[in-house]
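J.:
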Ligand code: HEM
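In my numbering, the protein residues as written are 6 to 452.
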């Protein structure tokens, strides 16, 4: 039986199963870039009724009433009618489909990347790569809270202004590390229990760092599921990629249409670093609380400002308070550069292609850069120097990425997918050069 015939026969069984007429398409398409070229057939599902179906492991599931209750949030909506096997497995450790009955079948993606990365995930699970070392975290917490204690010590125990400003540096380092803890716990990398991990995520994100953890979680899942992806029809884009003042890919150009954006994008290669450093912290705090409705986040935000005010109250003047806070915010700005350089100069995708013509695992490898650094520098990147490993397996605790790296590289080599890695300074230079190139291409009216 040919694949087309198999598809037709499974289509018939699906129609029998849910008793509704529908059409399904399967296309042979050439996708990818350079050595990442591959031919594959894509399964999509256009349900003609009200029902919303999602494809996982060759089966269609009806998620119509489940969508508002999905613990992973609204991102699930973007995969309606698609074979979401890869993205689904990347985000779920438990068998969350146990109690769900499929309503039909489809032919699984024939791209070898899907099977290869699924096998790799199984290998990682069986060999304990998804297990969290509490001892490792205990050590990290101890060091991080020492940074906070040092910051208090500098402002309380000395009257010298330069010791106070050293305290600002320690405060920034504390925020920087808390940002990574928020990231880990919102990915349930800590206890692998959504409830406990979310509380810890809010503690590190909102109480310690001052950024709404819940807002960040929702945004971050979209960033993960649809990395470097744009939908020009809905004007939607990967939230981490879409900034009013940067257009790092032609696919983002149609999302910018004001004169302000035009002038900002024309100088984006010059403003990129200063903007991240000077305004990164303030921008993310304002963004995260602009539409925040979660009471828990607001309570946590008040607690954040209570301890910040307590710390500032030990300084002798308003002027020193202002300089101290500004310096801490600027030092912490490095985090915002770190968040962007792993993606900004990488290829972009159209949302409609993801999980239809563009294999999700390949897209993850291609849209990421790993930062090469010695093991003792992993703390500085919060383990996210292994960005490719993280995007493929976001539930894996970060202390296992270095171990996982050689296996991921091996699979990429076998599949012929370029594994992009460079040093931090190279990644910064590549990003600036790329922004410059894009700024010269950009025009408000591309036609
Ligand atoms: C029928 C399909 C699905 C079901 C039943 C389902 C169910 C769940 C459940 C129960 C959780 C909580 C996990 C836990 O407590 O261990 C979860 C988390 C999540 N789901 Fe789904 N899900 C489905 C499909 C999807 C799809 C297609 C996506 C695609 C993006 C997705 C993205 C997520 C994310 C991002 C999380 C949070 C993961 C984390 O905590 O790090 N889910 N889902």
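Here a beta-carbon is modelled for each residue, glycine too, at the ideal position from N, C-alpha and C.
Just to confirm the assignment, what range does the beta strand (DSSP E) spanning residue 416 have?
T.: Unbroken run through residue 416 is the alpha helix (DSSP H), 406-420; no beta strand (DSSP E).
J.: Do residue 249 and residue 266 have their beta-carbon atoms positioned less than 7 Å apart in this structure?
T.: Cβ atoms of residue 266 and residue 249: closer than 7 Å.
J.: If we ignore side chains and look at the alpha-carbon of each, how far apart do residue 374 and residue 427 end up?
T.: So the two alpha carbons sit approximately 7 Å from each other.
J.: What are the boundary residues of the alpha helix (DSSP H) that includes residue 307?
T.: 300-318 is the span of the alpha helix (DSSP H), which, as asked, contains residue 307.
J.: DSSP three-state label for residue 364, please.
T.: In the structure shown, residue 364 sits in coil (DSSP, three-state: anything other than H, G, I, E or B).
J.: Looking at residue 110: is its Cβ nearer than 7 Å to the Cβ of residue 60?
T.: No, the pair does not count as a contact, with Cβ atoms beyond the cut-off.
J.: May I ask you to report which of helix, strand or coil DSSP gives residue 474?
T.: Here the chain comprises residues numbered 6 to 452, so residue 474 is not present and cannot be evaluated.
J.: Looking at the secondary structure, which residues open and close the beta strand (DSSP E) in which residue 60 lies?
T.: Counting along the chain, the beta strand (DSSP E) containing residue 60 begins and ends at 58-61.
J.: Is residue 406 near residue 394, with beta carbons less than 7 Å apart?
T.: Taking 7 Å as the Cβ cut-off, residue 406 and residue 394 qualify as a contacting pair.
J.: Please name the residue or residues paired with residue 235 in a DSSP beta bridge.
T.: Answer is 242 and 355, bridged to residue 235.
J.: Under the three-state reduction of DSSP, which class applies to residue 66: helix, strand or coil?
T.: Strand.
J.: Take residue 102 as the anchor and find which of 75, 122, 87 and 82 has the nearest alpha-carbon.
T.: Closest by alpha carbon: 75.
J.: From this set, 251, 281 and 256, which residue's C-alpha is nearest residue 268's C-alpha?
T.: Ranking the options by Cα distance to residue 268, first place goes to 251.
J.: For a test of the three-state rule: what should DSSP assign to residue 202, helix, strand or coil?
T.: Helix, per DSSP.
J.: Does DSSP classify residue 444 as helix, strand or coil?
T.: Of the three classes helix, strand and coil, the one that applies to residue 444 here is helix, per DSSP.
J.: Using DSSP bridges, identify the partner residues of residue 79.
T.: Paired residues: none, contrary to the question.
J.: How would you call residue 145, buried or exposed, if buried means at least 16 neighbouring beta carbons within 10 angstroms?
T.: Per the 10 Å Cβ criterion, buried.
J.: Given residue 439, which residues of its chain have a CB within under 8 Å of its CB, disregarding the five upstream and five downstream residues?
T.: Counting only Cβ-Cβ distances below 8 Å, and skipping sequence neighbours, we find 253, 349 and 350.
J.: Can the beta-carbon of residue 223 be found less than 7 Å from the beta-carbon of residue 78?
T.: In this structure, residue 78 lies closer than 7 Å to residue 223 by Cβ.
J.: Using a Cβ-based criterion (distance less than 6 Å to any ligand heavy atom), does residue 80 qualify as near the ligand HEM?
T.: Yes, the beta carbon of residue 80 sits closer than 6 Å to at least one heavy atom of the ligand HEM.
J.: Span of the alpha helix (DSSP H) holding residue 191?
T.: 166-191 is the span of the alpha helix (DSSP H), which, as asked, contains residue 191.
J.: Cα separation between residue 117 and residue 152?
T.: Near 47 Å, if we compare the C-alpha coordinates of residue 152 and residue 117.
J.: Check for me: the alpha helix (DSSP H) holding residue 117 runs from which residue to which?
T.: Taken as a continuous stretch (DSSP letters only), the alpha helix (DSSP H) holding residue 117 covers 117-131.
J.: May I have the straight-line CA-CA distance separating residue 167 from residue 352, to the nearest angstrom?
T.: Rounded to the nearest angstrom, the two C-alpha atoms are 45 Å apart.
J.: What residues are listed by DSSP as bridge partners for residue 251?
T.: Answer is 248.
J.: Relative to the alpha-carbon of residue 536, which residue among 391, 206 and 159 has its alpha-carbon at the smallest distance?
T.: The structure shown does not extend to residue 536, since the chain is modelled only from 6 through 452, so no value can be given for it.
J.: Would you mind reading off the limits of the alpha helix (DSSP H) that contains residue 5?
T.: Nothing in the structure corresponds to residue 5, since the chain is present only between 6 and 452.
J.: Report the rounded CA-to-CA distance for residue 435 versus residue 235, giving the unit in angstroms.
T.: When rounded, the distance between both Cα atoms is 22 Å.
J.: At the level of alpha carbons, what is the spacing between residue 336 and residue 342?
T.: In a straight line, the C-alpha of residue 336 is about 11 Å away from that of residue 342.
J.: Roughly how many angstroms separate the alpha carbons of residue 67 and residue 89, rounded to a whole number?
T.: Their backbone Cα atoms lie some 13 Å apart in a straight line.
J.: Do you know how far the Cα of residue 302 is from the Cα of residue 318?
T.: Taking the straight line from one Cα to the other gives about 24 Å.
J.: Quick check: is any heavy atom of the ligand HEM less than 6 Å from the C-beta of residue 74?
T.: Residue 74: no, Cβ never under 6 Å from the ligand HEM.
J.: Starting from the Cα of residue 192, find the closest Cα among 230, 238, 123 and 164 and give me that residue.
T.: Nearest of 230, 238, 123 and 164 to residue 192, Cα basis: 230.
J.: Measuring CB to CB, does residue 346 end up less than 7 Å from residue 432?
T.: Cβ distance < 7 Å, so residue 346 and residue 432 count as in contact.
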